[in-house]
Amino acid sequence: MVKKNYWLMKSEPDAYSIDDLARDGREPWNGIRNYQARNFLRDSMQEGDLALFYHSNATPPGVAGVMKVVSGPEPDELAFDPDSAYFDPKSNPDDPTWIQRPMEFVKKFPRFIPLKELKEDPELEGMLVVRKGQRLSIQPVEKEHFDHICRLGKG
DNA sequence: GCCAACGTTGGC
DNA sequence: GCCAACGTTGGC
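Heads up: the first sequence begins at 14 in the working numbering, then just goes up one per residue.
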């Protein structure tokens, strides 16, 4: 049994929110156009890993719930669609630059946890998402931090 | 709307 | 390979 990893994945709720995932049940996480985030998606994530669903560019920003990695890496088809905002003419279908991961809804927290609260919590010191100016849309999270945030979300 | 903190691009 | 210009992210 491989050790489970934990993640935080950002989405702008205007584009796709935890409620959208609750409705859809399962959704490919695509449109990632940053190499570091791509590498996490492609190389580090394992089926069964859990991820915090983070609402970015929201009022307020914060963690809304939990989802699960349910499959291996797949080519991000948006990169091949000239009509998509995520079209990348440099991505070759035979060797895709960008990849996606199917994610599955696990739960929406009874209590949304705003970023402000994460920043003020001494238990979460050192967590990437509380660092000023960090922009990475897919981040590894320590199990202790993940568990603590789940407790906070219970209300 | 502002702006800090990046990441990317392209000239040299 | 350097680095300035530019674009994007995302909190505030």
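Note that the Cβ used here is the ideal one computed from N, Cα and C, for glycine as well.
As assigned by DSSP and simplified to three states, the class of residue i
i	result
Q152	strand
K120	strand
E87	strand
N43	coil
G38	coil
F159	helix
Alpha-carbon spacing of residue i relative to residue j, whole angstroms
i	j	result
K156	N18	8 Å
D107	P41	20 Å
R148	H161	22 Å
S30	V83	18 Å
A35	D96	27 Å
CB of residue i within 8 Å of CB of residue j, strictly
i	j	result
S150	A50	yes
E25	A71	yes
A77	F118	no
Host beta strand (DSSP E) of residue i (start-end)
i	result
Y67	L63 to H68
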